[in-house]
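Heads up: the protein sequence lines correspond to chains V and H, in order.
Counting from 267, one number per residue, gives the positions in the first sequence under our numbering.
Counting from 164, one number per residue, gives the positions in the second sequence under our numbering.
Heads up, the thing below is written out as structure tokens.
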Amino acid sequence: AQKITQTQPGMFVQEKEAVTLDCTYDTSDQSYGLFWYKQPSSGEMIFLIYQGSYDEQNATEGRYSLNFQKARKSANLVISASQLGDSAMYFCAMGSGAGSYQLTFGKGTKLSVIP
Amino acid sequence: GAVVSQHPSWVICKSGTSVKIECRSLDFQATTMFWYRQFPKQSLMLMATSNEGSKATYEQGVEKDKFLINHASLTLSTLTVTSAHPEDSSFYICSGSRVVLDTQYFGPGTRLTVL
């Protein structure tokens, strides 16, 4: 069974500052993927970044980077230069298994960016 | 690219009626589509996985006779909530992935309210 843990129900960050959202995972699979999604108040899930279990380098996408520490089973999301539009729920998810990934989601972290 | 639409975006129905929700991949062919439900302030829970042309695979605890899923083409999947009851009120989100082990791209969600 897979498990995703996000220990921060809510976070505040000053505009233009960087913030780290924590995510730890548990799986017995050797091959898996880690994802971060953003869910604004409108409800849609917006894909942010992906890290494969065999990727040696940390994934980066613009202002988003994923701090992947495989031995510690953590996949923290770092958002640099926070913007007001970054205020949203952020979900960490893991996928593995044959065929298309079936995702297991964490409980999410609500990020609020303060002007 | 990788846009998914859902229709309707919200629906209110009477208890005992059936509701159909459509999920379309607009600019890619979705080999696999997923259906999730999300209760207020909670995470996404996978309901079922469907591959084009075959029967959906339901997660444990999801009634397949109540939540009918059809994935008739590579761009369309439908979820029908049969004999809806107030406890079925939720936010239903679909996603699609193009090929094996691909990122899931989510639709904007459908908010169902059963009176």
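Heads up, the beta-carbon is just placed ideally off N, CA and C, and yes, glycines get one too.
All values derive from a computational prediction rather than experimental measurement.
With a threshold of 8 Å between beta carbons, is residue i in contact with chain H?
i	result
residue 314 of chain V	no
residue 357 of chain V	yes
residue 372 of chain V	yes
residue 368 of chain V	yes
residue 283 of chain V	no
residue 351 of chain V	no
residue 327 of chain V	no
residue 301 of chain V	yes
Taking the DSSP output, what are the residues bridged to residue i?
i	result
residue 258 of chain H	H/197 and H/269
residue 221 of chain H	H/211
residue 354 of chain V	V/377
residue 324 of chain V	Residue 324 of chain V is not bridged to any residue.
residue 334 of chain V	V/341
residue 186 of chain H	H/169 and H/240
residue 359 of chain V	V/301 and V/371
residue 192 of chain H	DSSP, once it has assigned bridges, lists no residue as partnering residue 192 of chain H.
residue 205 of chain H	None, per the DSSP bridge assignment.
residue 277 of chain V	V/377
Can you list, in chain order, the residues of its chain with a C-beta nearer than 7 Å to that of residue i? Leave out the 5 residues immediately preceding and following it.
i	result
residue 371 of chain V	270, 357 and 359
Could you confirm whether any beta carbon from chain V is found closer than 8 Å to the beta carbon of residue i?
i	result
residue 267 of chain H	yes
residue 272 of chain H	yes
residue 184 of chain H	no
residue 212 of chain H	yes
residue 175 of chain H	no
Which same chain residues end up closer than 6 Å to residue i when comparing Cβ atoms and leaving out the 5 residues on each side of it in sequence?
i	result
residue 319 of chain V	297 and 298
residue 201 of chain H	207 and 254
residue 223 of chain H	none
residue 282 of chain H	As shown, chain H starts at 164 and ends at 278. That puts residue 282 of chain H outside it, with no answer to give.
Among the residues of its own chain, which have a CB less than 8 Å from the CB of residue i, if the five just before and after it don't count?
i	result
residue 326 of chain V	315 and 332
residue 281 of chain V	348, 349, 350, 379, 380 and 381
residue 305 of chain V	311, 312, 354, 355, 356, 357 and 374
residue 324 of chain V	317, 331, 332, 333 and 334
residue 273 of chain H	169, 170, 171, 172, 173, 174, 184, 254, 255 and 256
residue 245 of chain H	181, 228, 229, 230 and 231
> Are the segment 330 to 341 of chain V and the segment 284 to 299 of chain V touching, with three or more C-beta to C-beta distances below 8 Å?
Replying inline: Short answer: they touch.
> Below 8 Å, can you find three or more Cβ-Cβ pairs linking the segment 204 to 218 of chain H to the segment 227 to 240 of chain H?
Replying inline: Touching, per the Cβ criterion.
> Does the segment 245 to 258 of chain H come close enough to the segment 186 to 200 of chain H that 3 or more CB-CB pairs lie under 8 Å?
Replying inline: By the criterion of at least three beta-carbon pairs nearer than 8 Å, the segment 186 to 200 of chain H is in contact with the segment 245 to 258 of chain H.
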